[in-house]
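Student: Chains as they are written, first to last, in the working numbering: chain F, 1024 to 1175; chain D, 1024 to 1175; chain P, 1024 to 1175; chain W, 1024 to 1175; chain B, 1024 to 1175; chain S, 1024 to 1175; chain L, 1024 to 1175; chain G, 1024 to 1175.
Number of protein chains: 8
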Amino acid sequence: MSAWTVYLSGEIHSDWRERVVEGASALDLPIVFTAPGTDHDASDNCGVAILGSETSSFWKDHKGAKLNGIRTRTLLEKADIVVVRFGDRYKQWNAAFDAGYAAALGKPLIVNHPPDLTHPLKEVDAAALAVCETPEQVVEVLRYVTTGALAG
Amino acid sequence: MSAWTVYLSGEIHSDWRERVVEGASALDLPIVFTAPGTDHDASDNCGVAILGSETSSFWKDHKGAKLNGIRTRTLLEKADIVVVRFGDRYKQWNAAFDAGYAAALGKPLIVNHPPDLTHPLKEVDAAALAVCETPEQVVEVLRYVTTGALAG
Amino acid sequence: MSAWTVYLSGEIHSDWRERVVEGASALDLPIVFTAPGTDHDASDNCGVAILGSETSSFWKDHKGAKLNGIRTRTLLEKADIVVVRFGDRYKQWNAAFDAGYAAALGKPLIVNHPPDLTHPLKEVDAAALAVCETPEQVVEVLRYVTTGALAG
Amino acid sequence: MSAWTVYLSGEIHSDWRERVVEGASALDLPIVFTAPGTDHDASDNCGVAILGSETSSFWKDHKGAKLNGIRTRTLLEKADIVVVRFGDRYKQWNAAFDAGYAAALGKPLIVNHPPDLTHPLKEVDAAALAVCETPEQVVEVLRYVTTGALAG
Amino acid sequence: MSAWTVYLSGEIHSDWRERVVEGASALDLPIVFTAPGTDHDASDNCGVAILGSETSSFWKDHKGAKLNGIRTRTLLEKADIVVVRFGDRYKQWNAAFDAGYAAALGKPLIVNHPPDLTHPLKEVDAAALAVCETPEQVVEVLRYVTTGALAG
Amino acid sequence: MSAWTVYLSGEIHSDWRERVVEGASALDLPIVFTAPGTDHDASDNCGVAILGSETSSFWKDHKGAKLNGIRTRTLLEKADIVVVRFGDRYKQWNAAFDAGYAAALGKPLIVNHPPDLTHPLKEVDAAALAVCETPEQVVEVLRYVTTGALAG
Amino acid sequence: MSAWTVYLSGEIHSDWRERVVEGASALDLPIVFTAPGTDHDASDNCGVAILGSETSSFWKDHKGAKLNGIRTRTLLEKADIVVVRFGDRYKQWNAAFDAGYAAALGKPLIVNHPPDLTHPLKEVDAAALAVCETPEQVVEVLRYVTTGALAG
Amino acid sequence: MSAWTVYLSGEIHSDWRERVVEGASALDLPIVFTAPGTDHDASDNCGVAILGSETSSFWKDHKGAKLNGIRTRTLLEKADIVVVRFGDRYKQWNAAFDAGYAAALGKPLIVNHPPDLTHPLKEVDAAALAVCETPEQVVEVLRYVTTGALAG
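Next comes the structure, spelled out in structure tokens:
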């Protein structure tokens, strides 16, 4: 296989994607990374910005979330592997939604979260093939999966 | 169709399932309801209770969540309609996971949550065919869907 | 097979469903018929009646159409055979949408329309296994398909 | 993802496809566009032109529509995103058929039509992830979906 | 499993179906048998008899074959096991078509034909899980498959 | 759900199936159990017994294994849950094959084996939602999954 | 779409494939053609030539047909369009099998045969989107489908 | 088809993969080979090496097997053809698991094992389209399948 496609879902308020992408790049792994839009404001406002304003916040959110869904759903379905990251802020229900979506599609799932989230995330972890505490572990998993080699 | 199968996912700390089931029963709707186990303690402890104790809380949770997954996944796949309820407590990532799972399977999805959760749930709502604020609205949606009739 | 499930999609302003159902009943055919809601007002107003009023007619329509979709999509997917009827009034885009949906699911499709609609419906007819001009022909097709016998 | 494939279904009597394609090109979006044949006469006559004349207009239409279906069905199934445009002329049942077909395949659907068609198209819009009034909005949706960026 | 559904495709000019059904009945096997219409004249004429006459024999055949296809395709998809019988007369391309259709659906396939047809049927046999020379062998295969017991 | 279908694959030389079935029966669990043929001799000889003798042991085995496959494949695909038991004798490659087959179909998988087989079965266990050491644990898992209740 | 993949199934004793491929090449159509092995002797003998001799002609045929099936099945599943040609010699059951296989996969099907085979091929034709009498018509269909243009 | 993807599953303690790959390379076959990681120690230890140590050997194996599963499952699903090799050592249940997984996905399966394993592998062989005794036969099968030509 010439290249693996890995979708990086979840948290958009930390540098975890950069750490995964740069770590994989440093190892020259044969991976194409994809991701949702990570500009929080654009993600919230895209619906009304493009399709017209709404007086109701429900419909503003609805129109925006559907636009985001065009990208998210397409990239999830095209991914070979889905990584979902949960951080320590926000509800992050869209991350859990993506994990369920990926699981139902039969995509190999890697979950990344701090250990103190283990109990509330146990159903998500139970669907995963790897549960990582750090982005660096995600890189090591990807190295092993795509090359068969372990560090050192 | 003689009967519809409706899976009631999500919150287990309020009486919303009873309100939906009793409301549907009072209207004599042709619905068979299914649900996850709703005994919180059993849900947390089932893994070690049946398959043996663990010293690590991660594996205790893991074994339990997988047992819960046998029931959850089977009932989700057999449902005609999936209702997911979000309340105001807990992380509820498993509810969002179920919503994503149902969406990827193409199941018609009804979401029920208080209006103040609209913004963090916008991606979940965007995948739904109905967003209800109360269990009574869920009953009315089910009445309309299964019989074609509106209240009054 | 003990019974066939036949979904009757399309026109709701004539008696064609009654003619099909009564014709099949008179022949004692082993068929369970399903259909969308056929109360036009309920179909238009269900969204706001159940889920709350809207100031925008777009969202009023949107909420209603999604509720109708819960029923329509479920019954389409459960049907063995889908019949779609086009009459001489209205745009009937939802009938054509249902025909496309059924075709993509690989459901055997029977189309019923007056002959003067042949040209604009040619793509829909091309996906059908039978094109009938009258509901009585639909009954005869169903008799032949479910029993192997022709009239007379 | 190196490039997105977007299928442009529907109206063939206006310049909307050119406006979408040129708009996307001006923004250098990573999109490959596909479309049905847009020569109305060829579309009507292809069946008899290639496979032999018919005395019945039904079979003339039938043969042609099936040839068109080879292209349409293949491109719909290969598309990442399907855009369906409804204009103000003709029955356009094939556009609604394509929308239903795309929806059943789970393709993200973008609908484009003038606002006065909202009511008769409500079931089609209900299946869409974006409802645009103009081709320029389609371009902005595609820009956001494929790049994550909003205009300006 | 309370009952198995077995579809009996192919030859309609011998008594092989009766021999299979009666043999299974004598053994009280838990099987529901289904079959295409077996009235050759009805099968040839159904299209024009129901949907109107044709001057071209191609379209007469076409309309009839499509009606037959509604029954055939539905029953093939609902079958647990498909049996296809080839006799020594006629082209029987529809039998081979059904075998290919069943194979692509992943249905367990039992083929029944006289041994002198082995060479031209080798691709069909290669897709089968059992190749029988007689209807009585088909009955024995079904006995073993549904009950686990061998004769005598 | 009125009843769950549970397929019991694997070892045929111990009483584990009886222990599972009787344990479930004693608890009045809503389960219909299915299983492969468990008569070892019939399983080995069915091909030649029904379809004619072979001089080569390869083809004798081949014909028999394919007949067994008609039952096995059908019941695996119809099961809600698949249990696979590995004992301490024989190669049991067909048990591992069934486990892989069930996993690819997305069936919830319960594996039962003595603890000393953990290392060679680690890939099979990794695909399971429960790993039991005894048939009694299988019963307890099934009780919990189908009723939500734990023992005691 | 940069190129279409077209699988040419059926008759191997005439020059129809060359006529299709050369015709498409002369028009510079964006098509990659695939085909089964067309060396009749290799097709018959491949099983025993590679995997060892057989005393029974049934198993000789069986081993060969399965090897051919590896190629055939893979290329059918990868094709965008399947063309099946029936000539005037031989049983050609494998061609009809391929047509059924392609139909069940939902592949657009083009059938090519002389008009005197219409009646026995009516079920195959009924599943096709185009029925051609000559390879030159197949080329014209492919030209129209892939470019939207008609001859001259 | 420009290149075929062939996954080489099973035995990792002999040089069979090299013999297949080199044999195919010598013939310049249009094949891209993929394989699981073949470093036995890495395969056993990857879980704890990357994701943290375990005191229980069960969980050590479990974590490692799941990481291996990310690679294995992805490559199996992307393969055109799956080859599974059984040698004369070890339990090799993961090889049989892969064979079952590939069979359920409908992948053409080639099995390679010494003749003395025929009886215990009969169910695996029964799902295969070719059963080879040597890696050299695997190469010849691949040559024939991908080029249509036999040796010599």
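In this text, a Cβ means the ideal position worked out from N, Cα and C, and glycines have one as well. For clarity, every value in this text was computed on a predicted model and none was experimentally measured.
Compare the Cα-Cα distances from Gly1123 of chain G to each of S:Arg1112, S:Arg1096 and S:Gly1087 and report the closest residue.
Tutor: S:Arg1096
Student: On the DSSP bridge assignment, give the partners of Cys1155 of chain F in chain order.
Tutor: F:Asn1135
Student: Just checking my contact of Pro1053 of chain D with Arg1094 of chain D at CB under 8 angstroms: how many whole Å lie between their CB atoms?
Tutor: Not quite, the Cβ-Cβ distance comes to about 24 angstroms (not below 8 angstroms), so this is no contact.
Student: Determine, using beta carbons only, whether Ile1104 of chain P and Val1162 of chain P come nearer to each other than 7 angstroms.
Tutor: In this structure, Ile1104 of chain P lies away from Val1162 of chain P, with their beta-carbon atoms at least 7 angstroms apart.
Student: Tell me, please, which residues DSSP counts as bridged to Trp1027 of chain S.
Tutor: S:Ile1054
Student: Would you mind giving the Cβ-Cβ distance between Ala1150 of chain W and Ala1126 of chain W, rounded to the nearest angstrom? I have them listed as a contact below 8 angstroms.
Tutor: The Cβ separation is near 4 angstroms, so the contact holds.
Student: 7 angstroms is my cut-off, CB to CB: does Gly1175 of chain S come that close to chain B?
Tutor: So no, Gly1175 of chain S is outside the interface.
Student: Taking only runs that begin and end inside the segment 1053-1095 of chain G, name each unbroken alpha helix (DSSP H) of 4 or more residues, in chain order.
Tutor: Segments of the alpha helix (DSSP H) lying fully in the segment 1053-1095 of chain G: 1063-1074.
Student: Please identify the residue among S:Thr1157, S:Ser1080, S:Leu1128 and S:Ser1076 whose C-alpha is closest to the C-alpha of Ser1037 of chain S.
Tutor: The candidate whose alpha carbon is nearest that of Ser1037 of chain S is S:Thr1157.
Student: Report yes if the CB atom of Arg1108 of chain G is closer than 7 angstroms to the CB atom of Glu1034 of chain G, and no otherwise.
Tutor: yes
Student: Residues in its own chain within less than 6 angstroms of Val1055 of chain S by CB, not counting five upstream and five downstream?
Tutor: Ala1026 and Thr1028
Student: Does chain A have any CB closer than 7 angstroms to the CB of Ala1072 of chain B?
Tutor: Among the protein chains in the structure shown, which are F, D, P, W, B, S, L and G, there is no chain A.
Student: State the beta-bridge partners of Val1106 of chain D as determined by DSSP.
Tutor: D:Leu1031 and D:Ile1133
Student: If the cut is a Cβ gap below 9 angstroms, which residues of chain G does Phe1090 of chain L touch?
Tutor: According to the sequence shown, residue 1090 of chain L is Leu rather than Phe. Neighbours of Leu1090 of chain L in chain G, taken as residues whose beta carbon is under 9 angstroms from its own, are Leu1152, Ala1153, Val1164, Tyr1167 and Val1168 in chain order.
Student: Heavy atom of the ligand ATP less than 6 angstroms from the Cβ of Leu1050 of chain W, yes or no?
Tutor: What this structure holds is no ligand at all, so the ligand ATP is not there to describe.
Student: Just the chain D side, please: which residues come within less than 8 angstroms of Val1147 of chain F by C-beta, in chain order?
Tutor: Trp1116, Asn1117 and Phe1120
Student: Taking 8 angstroms as the limit between beta carbons, can you name the residues of its chain near Thr1169 of chain G, skipping five residues before and five after?
Tutor: Trp1027, Leu1052, Pro1053 and Ile1054
Student: Can you tell me whether Gln1181 of chain S is helix, strand or coil according to DSSP?
Tutor: As displayed, chain S neither begins before 1024 nor continues past 1175, which places residue 1181 of chain S out of reach and without an answer.
Student: Determine the closest residue to Val1106 of chain G out of G:Cys1155, G:Ala1174, G:His1142 and G:Tyr1167, with distance taken between C-alpha atoms.
Tutor: G:Cys1155
Student: Gly1175 of chain D: which of D:Arg1042, D:Leu1050 and D:Gly1110 sits nearest, CA to CA?
Tutor: D:Leu1050
Student: Along the chain, where does the alpha helix (DSSP H) containing Asp1148 of chain S start, and where does it finish?
Tutor: Unbroken alpha helix (DSSP H) run through Asp1148 of chain S: Lys1145 to Ala1149.
Student: Nearest CA to the CA of Asp1139 of chain D: which residue from F:Val1147, F:Ser1080 and F:Pro1143?
Tutor: With distances taken between Cα atoms, Asp1139 of chain D lies closest to F:Ser1080.
Student: Against chain L, with Cβ distances strictly below 7 angstroms, would Ala1065 of chain W count as a contact?
Tutor: yes
Student: Going by beta-carbon coordinates alone, are Trp1082 of chain D and Trp1082 of chain G separated by less than 7 angstroms?
Tutor: yes
Student: Can you list the residues of chain F that Thr1057 of chain P reaches, using a CB-CB cut of under 8 angstroms?
Tutor: At a C-beta separation below 8 angstroms, Thr1057 of chain P has no neighbours in chain F, since its nearest C-beta there lies roughly 26 angstroms away.
Student: Sort L:Arg1112, L:Thr1078, L:Asp1084 and L:Asn1068 by Cα distance to Tyr1167 of chain G and report the nearest one.
Tutor: L:Asn1068
Student: Listing by chain order, which chain S residues have their CB less than 9 angstroms from the CB of Arg1096 of chain D?
Tutor: Gly1129, Pro1131 and Leu1152
Student: Do His1136 of chain S and Asp1084 of chain G have their beta-carbon atoms positioned less than 7 angstroms apart in this structure?
Tutor: no
Student: Using three-state DSSP, classify Thr1169 of chain F as helix, strand or coil.
Tutor: helix
Student: Output yes if chain D places a C-beta closer than 7 angstroms to the C-beta of Asp1139 of chain S; else output no.
Tutor: No, Asp1139 of chain S does not count as interfacial toward chain D.
Student: The alpha helix (DSSP H) that contains Asn1175 of chain G, what's its start and end?
Tutor: The sequence shown places Gly at residue 1175 of chain G, rather than the Asn named in the question. For Gly1175 of chain G, no alpha helix (DSSP H) run applies, since DSSP gives it neither H nor E.
Student: Look at the Cβ atom of Ala1065 of chain B, then the Cβ atom of Leu1173 of chain P, and state whether they are nearer than 7 angstroms.
Tutor: Cβ atoms of Ala1065 of chain B and Leu1173 of chain P: closer than 7 angstroms.
Student: Considering only the beta carbon of each residue, do Asp1111 of chain B and Val1134 of chain B sit closer than 7 angstroms?
Tutor: For Asp1111 of chain B and Val1134 of chain B, no; Cβs fall outside 7 angstroms.
Student: Using a C-beta to C-beta distance shorter than 7 angstroms, which residues of chain F count as neighbours of Ile1093 of chain W?
Tutor: Under the 7 angstroms cutoff, chain F gives no residues; its nearest Cβ is about 25 angstroms from Ile1093 of chain W.
Student: Taking only three categories from DSSP, how would you classify Ser1048 of chain L?
Tutor: Reduced to three states, the DSSP call for Ser1048 of chain L is helix.
Student: Would Lys1145 of chain D pass as a contact of Ala1088 of chain F if the rule is Cβ separation under 7 angstroms?
Tutor: yes
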